[in-house]
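In UniProt numbering, the protein residues as written are 1 to 206.
Where a beta carbon is used, it is the ideal one built from N, C-alpha and C, also for glycine.
Presented below is the structure to which this report refers.
Structure below.
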């Protein structure tokens, strides 16, 4: 009886190999040959699932994005349902900052991907970019609910604020990766911004 091939698991194994190579050698070290060696397979095996380096990066980013969303959902599961808007955003920020191996890998590869996208239109226009837009939409929804509940001032620009939170975490994440600032400083900056946005009362209520 023929053995059933788990293609999802194989893609996952390859994506995890990309992460290990990128963490160890940097994104320039991510080649199909290096990934094949990391996963213990042939070049043809890797190319069957990811024909090019761009495919490898995109597939790995989607894999890491799914893991990150799962961890964010786990953080949210510990909060009341529905969670307060500020707690919802704080959970996102906590997951987005590269403070452990998993989040560092996501930030490292995502940042490297962004650098490549600056000079490669094919990568830049890939639907992965839509993932950032979805994050902004989720945060905008939370902020809209907060304003409806009287937690935000009426003059807050919801779309702009959602974009600012995402960009703030990305910028702080890069700062942590290169060692410019500490995790404590990054959390303090986010706390400062969210207190300005929601006010100290919202912080005390949570």
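Assign residue i to one of three DSSP states: helix, strand, or coil.
{"i": "residue 29", "result": "helix"}
{"i": "residue 9", "result": "helix"}
{"i": "residue 178", "result": "coil"}
{"i": "residue 152", "result": "coil"}
{"i": "residue 171", "result": "helix"}
{"i": "residue 52", "result": "coil"}
{"i": "residue 4", "result": "coil"}
{"i": "residue 42", "result": "coil"}
{"i": "residue 133", "result": "helix"}
{"i": "residue 15", "result": "helix"}
Give the range of the alpha helix (DSSP H) segment to which residue i is assigned.
{"i": "residue 183", "result": "183 to 198"}
Going by C-alpha distance, which of the options is nearest residue i?
{"i": "residue 138", "options": "184, 120 and 161", "result": "161"}
{"i": "residue 19", "options": "78, 76, 86 and 104", "result": "104"}
{"i": "residue 176", "options": "96, 88 and 58", "result": "96"}
{"i": "residue 39", "options": "198, 67, 65 and 9", "result": "9"}
{"i": "residue 174", "options": "158, 93 and 98", "result": "98"}
{"i": "residue 135", "options": "69, 54 and 80", "result": "69"}
{"i": "residue 197", "options": "44, 167, 141 and 85", "result": "85"}
{"i": "residue 89", "options": "73, 100, 17 and 41", "result": "73"}
{"i": "residue 51", "options": "23, 65, 66 and 32", "result": "32"}
{"i": "residue 108", "options": "182, 27, 45 and 17", "result": "27"}
{"i": "residue 53", "options": "172, 30, 114 and 187", "result": "30"}
{"i": "residue 22", "options": "93, 11, 111 and 45", "result": "111"}
{"i": "residue 67", "options": "185, 101, 24 and 41", "result": "101"}
{"i": "residue 81", "options": "186, 15, 6 and 142", "result": "142"}
{"i": "residue 58", "options": "78, 93 and 15", "result": "15"}
*alpha helix (DSSP H) runs wholly inside the region 68 to 118, at least 4 long, in chain order*: 85 to 96 and 101 to 117
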